[in-house]
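Please read the structure below before turning to the comments.
Number of protein chains: 2
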Amino acid sequence: DLVTLSSDFFVEKHLAGQHWLITAGPTREAIDPVRYISNHSSGKMGYAIAHAALRAGAKVTLISGPVTITPPVGCHIINVESAAEMHQQALEHVKEATTFVACAAVADYRVANVAQEKIKKSNDAMQLDLIKNHDIVADIAQLADKPFIVGFAAETQNVEQYARGKLMRKNLDLIAANDVAKAGQGFNSDDNALTLFSAVDKTEIPLASKHIVAKKLVSLINEHYQQRYRT
Amino acid sequence: DLVTLSSDFFVEKHLAGQHWLITAGPTREAIDPVRYISNHSSGKMGYAIAHAALRAGAKVTLISGPVTITPPVGCHIINVESAAEMHQQALEHVKEATTFVACAAVADYRVANVAQEKIKKSNDAMQLDLIKNHDIVADIAQLADKPFIVGFAAETQNVEQYARGKLMRKNLDLIAANDVAKAGQGFNSDDNALTLFSAVDKTEIPLASKHIVAKKLVSLINEHYQQRYRT
């Protein structure tokens, strides 16, 4: 009926006027022209957040590492490979963003000396020297004119402790934490369960499809955002 | 007409009675529960060879690393992640094979000490200690009851020199070499160009779709196989 329809319409467009910048997927750090270091992020969670934010009326810019899923219709998609490329694109596009959701599983380290030709195996052992990448979400949180910032923490142990540490240390507004060691959720799954931490509270989003979790997460982020900027 | 049809039929089933074991795709070598080392192999070439061998009447067992393509109907597919898993499966299934085509881009090295929990970044630099994996195609070439063996060499320089070296050193029957540094062919492409080396000759398969290249390659492999075993 009309009441349901208009209520749906109201819920759907609660992000009108906002511009969300979202990172998703893994990054790939080259070892040589054929080999790389990466991680098991599928991009599904970040893409689901982009989809939910679009449905709720936001403009969405999605910076994505290499994944095999199709971006939601209507978002501005920017494809990158490495953490350095993602860092550069994020800093460029954050200027127009009201909200930044750092969902990508960005490589913490890159290879110090990327080989220009395929490395030939010869020795029984070899060492790979790694150096730290720039921290995208921390660098954006240092900007004078920073947006509302939501980080992610994918952990295999001590989830709350690491998540709260990251929230404070990196100066984030919110952090969404999940235990990727639990079966049926996280990197290789269609489902997820998250705990959203602010400096003062936490909210559980129980195990469900990543699309349902994304919709709830987008609503919760917006509630915190409204609390921050509209009161 | 009937002549064309029967000639097609004859060409199509020239592998009747043969059993091809094919490896395809990359492998993933775990660093910790979320991170890994891999390579840009898409699996397209190996899957196209499996398809062409099936069409030509062979039984086909396909051992595949993580890829995003669908295996051809009618093959026995075995999915693996790491080089160690691929090695184990290949040695188990080679017993029934008449021909082994080692098309997978197997990691030469694995991480010496795989972390059980996600590694926390702390230092500005870190080192990854790698140790050599077993060489699948070389180990199979050492078997007393070995099949006809076709290796692959994906190189970025000195292609013929590396390919011929690998052919002799690993005791292969044939090696198919391609220059993955050339634009429009190799790992990330739908097209490929190969040079097939035996100990005494070489045959070029010019740039074409991986399906056309696979069909020609399968025919050439069979010609060498027939020469070896049927005369």
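Chain order of the listed sequences is A and B. Under this note's numbering, the final residue of the first sequence carries the number 1339; numbering is consecutive throughout. Under this note's numbering, the final residue of the second sequence carries the number 1339; numbering is consecutive throughout. Ideal Cβ placement from N, Cα and C applies to all residues, glycine included. Remember, predicted model here, so these are calculated numbers, not experimental data.
When the cut-off is 9 Å and only beta carbons count, does residue i lie next to chain B?
| i | result |
| --- | --- |
| Pro1179 (chain A) | no |
| Tyr1217 (chain A) | yes |
| Met1194 (chain A) | no |
| Ile1239 (chain A) | yes |
| Ala1249 (chain A) | no |
| Ala1220 (chain A) | yes |
| Gln1126 (chain A) | no |
| Leu1236 (chain A) | yes |
Contact criterion: CB-CB distance below 9 Å. Does residue i meet it with respect to chain A?
| i | result |
| --- | --- |
| Thr1311 (chain B) | no |
| Ser1190 (chain B) | no |
| Met1153 (chain B) | no |
| Ile1171 (chain B) | no |
| Glu1225 (chain B) | yes |
| Thr1176 (chain B) | yes |
| Asp1232 (chain B) | yes |
| Ala1198 (chain B) | no |
| Lys1228 (chain B) | yes |
| Ala1213 (chain B) | yes |
Leaving out five residues on either side along the sequence, give the residues of the same chain with a beta carbon under 6 Å from the beta carbon of residue i.
| i | result |
| --- | --- |
| Val1168 (chain A) | Trp1128, Ala1158, Ala1161, Leu1162, Cys1183 |
| Asn1187 (chain B) | Ser1172 |
| Ala1213 (chain B) | Pro1134, Asn1147, Ser1149 |
| Ala1223 (chain B) | Asp1140 |
| Asp1247 (chain A) | none |
For residue i, which residues in the same chain have their Cβ closer than 7 Å to its Cβ, ignoring the five residues on either side in sequence?
| i | result |
| --- | --- |
| Tyr1333 (chain B) | Thr1207, Phe1256 |
| Gln1126 (chain B) | Ala1166, Thr1206, Thr1207 |
| Val1245 (chain A) | Ala1210, Ile1257, Gly1259, Lys1278, Leu1280 |
| Ala1316 (chain B) | Asp1299 |
| Asn1296 (chain A) | His1148, Ser1150 |
| Lys1323 (chain A) | Ala1160 |
| Ala1164 (chain B) | Glu1120, Lys1121, His1122, Leu1123, Val1326 |
| Leu1328 (chain A) | Leu1304, Thr1311 |
| Thr1240 (chain A) | The displayed chain sequence assigns Lys, not Thr, to residue 1240 (chain A). Asp1216, Tyr1217. |
Is it buried or exposed for residue i, if we count other Cβ within 10 angstroms and need 16 for buried?
| i | result |
| --- | --- |
| Leu1251 (chain B) | exposed |
| Gly1259 (chain A) | buried |
| Ser1230 (chain A) | exposed |
| Asp1216 (chain B) | buried |
| Val1308 (chain B) | exposed |
| Asn1330 (chain A) | buried |
| Met1153 (chain A) | buried |
| Pro1314 (chain A) | exposed |
| Met1194 (chain A) | buried |
| Ala1198 (chain B) | buried |
| Arg1218 (chain B) | buried |
| Asn1266 (chain B) | exposed |
| Ala1191 (chain B) | buried |
| Gln1293 (chain A) | buried |
| Glu1200 (chain A) | exposed |
| Thr1176 (chain A) | exposed |
| Lys1226 (chain B) | buried |
| Thr1131 (chain B) | buried |
Within a Cβ cutoff of 8 Å, which residues of the same chain sit near residue i, ignoring the five residues on either side of it in sequence?
| i | result |
| --- | --- |
| Asp1109 (chain B) | A caution first: Asp1109 (chain B) carries a pLDDT of 49, below 50, which makes its placement in the model unreliable, though a value can still be read off. Here the set comprises nothing. |
| Asn1221 (chain A) | Asp1237 |
| His1319 (chain A) | Ala1156, His1159, Ala1160 |
| Lys1274 (chain A) | Gly1259, Ala1261, Leu1280, Ile1283 |
| Tyr1270 (chain A) | Ala1261, Glu1263, Ala1285 |
| Tyr1144 (chain B) | Arg1136, Glu1137, Ala1138 |
Mind listing the chain E neighbours of residue i? Cutoff is C-beta to C-beta under 7 Å, in chain order.
| i | result |
| --- | --- |
| Leu1123 (chain B) | Reference to chain E is not applicable here, since the protein chains of this structure are A and B. |
Legend entry - Uninterrupted alpha helix (DSSP H) stretches inside the segment 1213 to 1296 of chain A (no shorter than 4 residues): 1244 to 1249, 1267 to 1277
Legend entry - Selection of the segment 1251 to 1280 of chain A by Cβ proximity to chain B, strictly under 7 Å: Ala1262, Glu1263, Thr1264, Gln1265
Inset, instruction - Compile a chain-ordered list of the residues in the segment 1137 to 1166 of chain B whose CB is closer than 9 Å to at least one CB of chain A. - result: Ile1139, Asp1140, Pro1141, Val1142, Arg1143, Tyr1144, Ile1145, Ser1146, Asn1147, His1148, Ser1149
Legend entry - Whole runs of the beta strand (DSSP E) within the segment 1124 to 1193 of chain A, excluding any shorter than 3 residues: 1127 to 1132, 1143 to 1147, 1167 to 1172, 1184 to 1187
Inset, instruction - With 8 Å as the limit, tell me which residues of the segment 1288 to 1312 of chain B have their beta carbon closer than that to any beta carbon of chain A; keep them in chain order. - result: Val1288, Ala1289, Phe1295
Inset, instruction - Pull out every residue of the segment 1314 to 1339 of chain B whose Cβ sits closer than 9 Å to any Cβ of chain A, in chain order. - result: none
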